[in-house]
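Working notes, beginning with the structure itself.
Number of protein chains: 2
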Amino acid sequence: MSTSVKIFDTTLRDGTQGEGISLSVEDKIKIALKLDELGVHYIEGGWPGSNSKDIEFFDRVRDMQFQNAKITAFGSTRRKDSKPEDDINLNRLVESGVKVATIFGKSWDFHVHTAIQTTLEENLAMIYDSVHYLKSKGLEVIYDAEHFFDGYKNNSEYAMQTIKKAQEAGADWIVLCDTNGGSLPQEITSIVTAVKSSINTPVGIHAHNDCELAVANSLAAVQAGARQVQGTINGYGERCGNANLSSIIPNLQLKLDYEVISEEQLKSLTQVSRYVSEIANMHMPVNQPYVGNAAFAHKGGIHVSAILKAASTYEHITPELVGNKQRVLVSELAGQSNVLVKAQELNLDFNKEHQKTKEIIEKIKDLEHQGYQFEGADASLELLLREAFEGLEEIFTLESFKMLVEKSANHSVVSEAIVKVKVHGETIYTAAEGNGPVNALDNALRKALVQYYPDIQQVHLSDYKVRVLDEKDATAAKVRVLMESTDFNSTWSTLGVSSNIIEASWYALTDSLRYALLGKTKVEPANKDQQERLGLVNH
Amino acid sequence: MSTSVKIFDTTLRDGTQGEGISLSVEDKIKIALKLDELGVHYIEGGWPGSNSKDIEFFDRVRDMQFQNAKITAFGSTRRKDSKPEDDINLNRLVESGVKVATIFGKSWDFHVHTAIQTTLEENLAMIYDSVHYLKSKGLEVIYDAEHFFDGYKNNSEYAMQTIKKAQEAGADWIVLCDTNGGSLPQEITSIVTAVKSSINTPVGIHAHNDCELAVANSLAAVQAGARQVQGTINGYGERCGNANLSSIIPNLQLKLDYEVISEEQLKSLTQVSRYVSEIANMHMPVNQPYVGNAAFAHKGGIHVSAILKAASTYEHITPELVGNKQRVLVSELAGQSNVLVKAQELNLDFNKEHQKTKEIIEKIKDLEHQGYQFEGADASLELLLREAFEGLEEIFTLESFKMLVEKSANHSVVSEAIVKVKVHGETIYTAAEGNGPVNALDNALRKALVQYYPDIQQVHLSDYKVRVLDEKDATAAKVRVLMESTDFNSTWSTLGVSSNIIEASWYALTDSLRYALLGKTKVEPANKDQQERLGLVNH
Numbered sequence: 001m002s003t004s005v006k007i008f009d010t011t012l013r014d015g016t017q018g019e020g021i022s023l024s025v026e027d028k029i030k031i032a033l034k035l036d037e038l039g040v041h042y043i044e045g046g047w048p049g050s051n052s053k054d055i056e057f058f059d060r061v062r063d064m065q066f067q068n069a070k071i072t073a074f075g076s077t078r079r080k081d082s083k084p085e086d087d088i089n090l091n092r093l094v095e096s097g098v099k100v101a102t103i104f105g106k107s108w109d110f111h112v113h114t115a116i117q118t119t120l121e122e123n124l125a126m127i128y129d130s131v132h133y134l135k136s137k138g139l140e141v142i143y144d145a146e147h148f149f150d151g152y153k154n155n156s157e158y159a160m161q162t163i164k165k166a167q168e169a170g171a172d173w174i175v176l177c178d179t180n181g182g183s184l185p186q187e188i189t190s191i192v193t194a195v196k197s198s199i200n201t202p203v204g205i206h207a208h209n210d211c212e213l214a215v216a217n218s219l220a221a222v223q224a225g226a227r228q229v230q231g232t233i234n235g236y237g238e239r240c241g242n243a244n245l246s247s248i249i250p251n252l253q254l255k256l257d258y259e260v261i262s263e264e265q266l267k268s269l270t271q272v273s274r275y276v277s278e279i280a281n282m283h284m285p286v287n288q289p290y291v292g293n294a295a296f297a298h299k300g301g302i303h304v305s306a307i308l309k310a311a312s313t314y315e316h317i318t319p320e321l322v323g324n325k326q327r328v329l330v331s332e333l334a335g336q337s338n339v340l341v342k343a344q345e346l347n348l349d350f351n352k353e354h355q356k357t358k359e360i361i362e363k364i365k366d367l368e369h370q371g372y373q374f375e376g377a378d379a380s381l382e383l384l385l386r387e388a389f390e391g392l393e394e395i396f397t398l399e400s401f402k403m404l405v406e407k408s409a410n411h412s413v414v415s416e417a418i419v420k421v422k423v424h425g426e427t428i429y430t431a432a433e434g435n436g437p438v439n440a441l442d443n444a445l446r447k448a449l450v451q452y453y454p455d456i457q458q459v460h461l462s463d464y465k466v467r468v469l470d471e472k473d474a475t476a477a478k479v480r481v482l483m484e485s486t487d488f489n490s491t492w493s494t495l496g497v498s499s500n501i502i503e504a505s506w507y508a509l510t511d512s513l514r515y516a517l518l519g520k521t522k523v524e525p526a527n528k529d530q531q532e533r534l535g536l537v538n539h
Numbered sequence: 001m002s003t004s005v006k007i008f009d010t011t012l013r014d015g016t017q018g019e020g021i022s023l024s025v026e027d028k029i030k031i032a033l034k035l036d037e038l039g040v041h042y043i044e045g046g047w048p049g050s051n052s053k054d055i056e057f058f059d060r061v062r063d064m065q066f067q068n069a070k071i072t073a074f075g076s077t078r079r080k081d082s083k084p085e086d087d088i089n090l091n092r093l094v095e096s097g098v099k100v101a102t103i104f105g106k107s108w109d110f111h112v113h114t115a116i117q118t119t120l121e122e123n124l125a126m127i128y129d130s131v132h133y134l135k136s137k138g139l140e141v142i143y144d145a146e147h148f149f150d151g152y153k154n155n156s157e158y159a160m161q162t163i164k165k166a167q168e169a170g171a172d173w174i175v176l177c178d179t180n181g182g183s184l185p186q187e188i189t190s191i192v193t194a195v196k197s198s199i200n201t202p203v204g205i206h207a208h209n210d211c212e213l214a215v216a217n218s219l220a221a222v223q224a225g226a227r228q229v230q231g232t233i234n235g236y237g238e239r240c241g242n243a244n245l246s247s248i249i250p251n252l253q254l255k256l257d258y259e260v261i262s263e264e265q266l267k268s269l270t271q272v273s274r275y276v277s278e279i280a281n282m283h284m285p286v287n288q289p290y291v292g293n294a295a296f297a298h299k300g301g302i303h304v305s306a307i308l309k310a311a312s313t314y315e316h317i318t319p320e321l322v323g324n325k326q327r328v329l330v331s332e333l334a335g336q337s338n339v340l341v342k343a344q345e346l347n348l349d350f351n352k353e354h355q356k357t358k359e360i361i362e363k364i365k366d367l368e369h370q371g372y373q374f375e376g377a378d379a380s381l382e383l384l385l386r387e388a389f390e391g392l393e394e395i396f397t398l399e400s401f402k403m404l405v406e407k408s409a410n411h412s413v414v415s416e417a418i419v420k421v422k423v424h425g426e427t428i429y430t431a432a433e434g435n436g437p438v439n440a441l442d443n444a445l446r447k448a449l450v451q452y453y454p455d456i457q458q459v460h461l462s463d464y465k466v467r468v469l470d471e472k473d474a475t476a477a478k479v480r481v482l483m484e485s486t487d488f489n490s491t492w493s494t495l496g497v498s499s500n501i502i503e504a505s506w507y508a509l510t511d512s513l514r515y516a517l518l519g520k521t522k523v524e525p526a527n528k529d530q531q532e533r534l535g536l537v538n539h
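Quick mapping for you: the protein sequence lines, in order, are chains A and B. In terms of full-length UniProt numbering, the first sequence has 135 at position 135, counting the first letter as 1, and numbering is strictly consecutive. In terms of full-length UniProt numbering, the second sequence has 88 at position 88, counting the first letter as 1, and numbering is strictly consecutive.
Quick look at the structure:
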């Protein structure tokens with residue numbers, strides 16, 4: 001029997017302290033439901049004592065059914081020199097309707113003096129009173145010992161007194177926080193071990209990533225006896241972020257054999273992490289461990305030829321265990337074996353002796369020679385291969401586009417695009433403005449397609465990169481445009497190469513939309529007659 | 001006296017295996033020079049046996065002076081069943097002209113059987129012969145024991161034999177690699193300890209980040225006796241990346257008291273990390289530990305009020321130690337010290353109390369808030385500073401430009417620019433075609449200027465990069481264009497920011513030409529009469 005570890009997710013509270021993250025109540029509910037599917041044990045939804053948005057969140061989830069997770073609300077110990085029953089912050093926790101309250105208090109004598117400016121004794125009383133009050137209201141109480149490690153290093157005796165007070169008052173969990181993220185794994189190990197030998201209450205760990213050690217520190221704490229890990233999906237959080245649950249969960253379960261979530265739930269990890277990044281509107285780094293798009297991507301030729309013999313030669317786990325998958329980045333460095341792997345992935349009959357295979361390899365070679373580089377552009381490669389082996393429905397073809405950018409002194413620039421495309425045999429002529437030329441083209445092309453393919457509204461471009469291929473004469477040289485596009489389920493990359501940045505962008509853009517529409521069925525525009533009257537559709 | 005640890009940077013070799021990273025020879029040289037300034041001890045420049053770009057790199061650095069770093073070239077042990085003196089790969093290392101060779105060999109019996117498909121004995125001979133051959137050529141030899149930790153876990157006896165062979169053959173360093181990134185800190189600790197008790201050769205560590213533990217694993221190895229750490233700036237590298245030197249260096253030096261680089265060099269860490277991300281055209285996550293823009297940014301109200309009382313309440317180190325700074329307000333000036341350094345370099349009287357200084361700092365703050373980042377654009381910063389302190393002659397001003405791109409099916413694209421500028425009071429109206437829109441603009445603007453400034457013919461744009469600043473909505477987001485220009489004597493960089501890529505390019509282009517013309521004297525066009533007849537000049 002393996003030991004079980006509880007996961008406490010604070011994406012909705014501490015996670016939102018990260019720069020650039022802001023979640024609506026609706027966003028928070030969506031994420032909470034996903035976290036519940038993933039199987040986390042606690043979901044910290046917000047701080048009802050600090051803002052009305054969080055109060056609304058708790059109102060809305062009060063009657064919702066969660067399968068796995070308990071919802072918890074965050075707050076602080078009572079204010080100094082007051083009574084818990086008069087404390088608005090504590091009462092908001094009670095009123096929020098949660099069954100679990102999480103409150104933080106001070107462990108570091110320096111903070112008691114400097115930040116809250118009271119006596120060490122009063123701080124102990126604040127901890128005791130607050131935990132005791134919430135327990136008297138029938139709540140499960142998680143006590144977060146803020147700055148515990150810094151406090152312990154500065155005055156271990158006092159730091160221990162603070163958590164003993166929480167224990168005396170009946171706290172269900174005592175969570176040791178490395179709030180500044182400055183501690184090292186061996187410090188965590190020795191301090192958690194000392195705490196475990198002094199208190200009986202179950203212990204948790206709350207780490208921050210300021211030294212890029214939050215995952216290691218969380219594992220060290222568990223190995224020293226902690227049984228709850230607090231963190232956020234994708235490591236969102238203030239400064240350098242909180243401990244990243246997307247890495248901690250698989251490390252605990254697959255590497256250290258703790259019982260955390262079910263095997264099935266673990267398989268949803270990649271999808272949940274990407275979903276949260278979409279809702280939070282944060283770009284997910286391709287190299288994010290376990291769940292990133294490149295986490296199991298192979299580029300070097302030696303690596304690729306070895307993984308064809310056995311994937312475990314260059315993969316530390318089977319990617320499917322966390323719902324991710326192997327990708328082979330095709331590049332000149334690696335040669336043909338990478339194309340072969342991609343074809344296998346797509347179940348194409350890629351026999352090297354076939355004429356089709358020879359032709360497509362020649363074509364890819366030729367494109368690479370022109371400056372295409374498919375390693376970062378899976379979707380463009382997939383389109384090429386599917387076209388060669390299966391044939392692809394021609395969804396739209398370009399007849400022409402015009403793009404105009406105009407600027408006068410002291411006036412902001414104007415961009416317009418006029419696009420004439422044939423969609424399923426009908427010529428559509430549209431025009432649109434945009435923030436820039438590519439945005440204008442994107443807008444015009446979508447306008448032409450959305451009536452037939454309404455799903456295209458969910459697709460958006462999430463990254464855009466331009467690389468000059470021959471730097472010797474930069475503005476007259478070829479450029480490679482790499483675009484990344486996203487909908488709620490997945491992310492794909494496409495590319496285009498041309499000496500003209502607009503043309504290169506057009507190629508990447510059309511590939512992105514062609515990929516998005518693979519397997520999608522055309523609908524008949526609801527307002528076709530009207531369009532014909534307006535002259536938008538020409539037969 | 002603290003113990004010294006050597007830093008081996010492989011940004012230019014293993015780092016380029018990361019998805020989306022591709023460096024030109026020029027980029028590699030720029031990064032190598034920066035790494036040397038930072039004070040790393042070894043710079044691995046590439047794999048001369050694998051591609052001609054890397055051969056060119058070693059040719060170009062051969063006669064360059066590096067203050068701190070030794071340049072090293074990477075390769076593998078000889079092929080099976082052959083002689084080292086006949087091995088092209090080993091001979092390329094010798095021919096590259098480096099004084100230090102880094103070669104990798106197999107430690108894991110599984111790989112010997114599966115990947116290179118030879119006998120365990122032949123693999124030992126391959127290691128011995130290769131190290132011995134390179135030593136006989138007078139080189140310092142770093143032996144990278146690939147997959148050492150996986151090998152040791154599978155067959156510790158054989159793994160130990162492989163590194164003993166390297167030791168016997170005279171290797172100067174034996175570097176233990178966690179190639180798949182799947183090991184945990186306690187495994188690293190126990191295996192490095194076992195190795196240290198069996199061999200005398202100095203030991204290094206090479207970790208990957210697949211479990212988000214590469215930094216922790218590198219520290220664990222050093223604490224167990226390793227004295228060389230291999231990694232990359234910003235953790236670039238295959239899959240989830242290599243160990244991140246931007247975090248490891250400050251952790252070793254500030255937290256564990258090892259001697260790594262000088263205090264002054266450490267203060268350049270943030271700037272070097274950002275510079276490398278600019279050159280590599282990789283977005284730096286704001287929450288990157290130590291060097292990220294949000295690494296010391298405070299958002300939570302409680303945190304902010306506490307740091308106003310004492311910064312150490314919520315900061316684990318003083319940010320200036322790594323050249324970063326605290327940010328509380330969004331528009332805080334990130335690179336003030338860089339501005340100061342630049343002003344000193346230009347001999348400007350940059351007294352913080354002067355009104356001019358305050359004004360220019362405000363202006364730069366404002367521009368940074370808009371997305372300007374002067375770290376990679378010296379020339380634009382110099383123009384700003386000179387303008388504020390000395391005034392600059394207005395060489396030309398824009399009246400308007402129009403830019404047209406047109407494409408029809410099966411025809412190549414056409415780009416035209418029409419530019420109306422005032423040069424020394426005369427309005428000049430020119431038009432030009434180009435390979436792309438920026439090239440067309442460049443051509444039209446040059447046409448207007450070259451008659452007054454013939455020197456401008458020698459200037460050309462040598463690199464052009466585009467970065468999307470807010471990935472949430474890529475084609476409608478702001479973009480930053482970074483241009484590098486060159487004449488026969490020097491190279492300079494300029495930038496422009498706009499939501500329109502053409503406008504951003506225009507700003508960078510005009511800065512480039514303004515910089516090129518600094519101190520140049522206007523000449524009277526030889527053929528002015530003729531131009532007037534042609535209507536090119538309007539008074």
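Even glycine gets a Cβ: it sits at the ideal position worked out from N, Cα and C. Only a predicted model underlies this, so the values are computations on that prediction, with no experimental measurement involved.
Any chain A beta carbon closer than 9 Å to residue i
i          : result
Thr-179(B) : yes
Gly-18(B)  : yes
Trp-506(B) : yes
Integer-rounded CB distance, given that residue j should sit under 8 Å from residue i
i          : j          : result
Phe-401(A) : Ile-418(A) : 6 Å
CB contact check: residue i to chain B, cutoff 9 Å
i              : result
Tyr-158(A)     : no
His-283(A)     : yes
Asn-155(A)     : no
residue 543(A) : Coverage of chain A is limited to positions 1 through 539, which leaves residue 543(A) absent and any answer about it impossible.
Thr-10(A)      : no
Gly-436(A)     : yes
Leu-333(A)     : Note that Leu-333(A) has pLDDT 43, beneath the 50 cutoff, so the model's placement of it is unreliable and the number below is only indicative. Yes - at least one Cβ of chain B is within 9 Å of the one on Leu-333(A).
Residue j beta carbon less than 9 Å from that of residue i
i          : j          : result
Gly-170(A) : Ser-130(A) : no
Ile-31(A)  : Val-276(A) : yes
Same chain only: Cβ atoms within 8 Å of residue i, ignoring 5 sequence neighbours per side
i          : result
Pro-202(B) : Asp-172, Trp-173, Ile-174, Arg-227, Gln-228
Ala-115(A) : Lys-106
Other residues of its chain near residue i: CB distance less than 7 Å, five sequence neighbours each side excluded
i          : result
Ala-343(B) : Phe-350, Leu-385
Tyr-314(A) : His-298, His-303, Ala-306, Ile-307
Asn-357(A) : Sequence check: residue 357(A) is Thr here, not Asn. Excluding positions up to five away in sequence, the list reads Phe-350, Asn-351.
Gly-15(A)  : Ile-21, Thr-232, Tyr-236, Gly-237, Asn-242
Neighbour list for residue i in chain A, Cβ cutoff strictly below 9 Å
i          : result
Ser-400(B) : Glu-406, Lys-407, Ser-408, Ala-409, His-411
Gln-288(B) : Glu-212, Cys-240
Chain-ordered chain B contacts of residue i [CB-CB under 8 Å]
i          : result
Gly-292(A) : Cys-240
Contact list for residue i against chain B, beta-carbon separation under 7 Å
i          : result
Ser-190(A) : Within chain B, no residue comes near Ser-190(A); the closest Cβ sits about 13 Å away, beyond 7 Å.
Ala-115(A) : Ala-306, Lys-309, Thr-313
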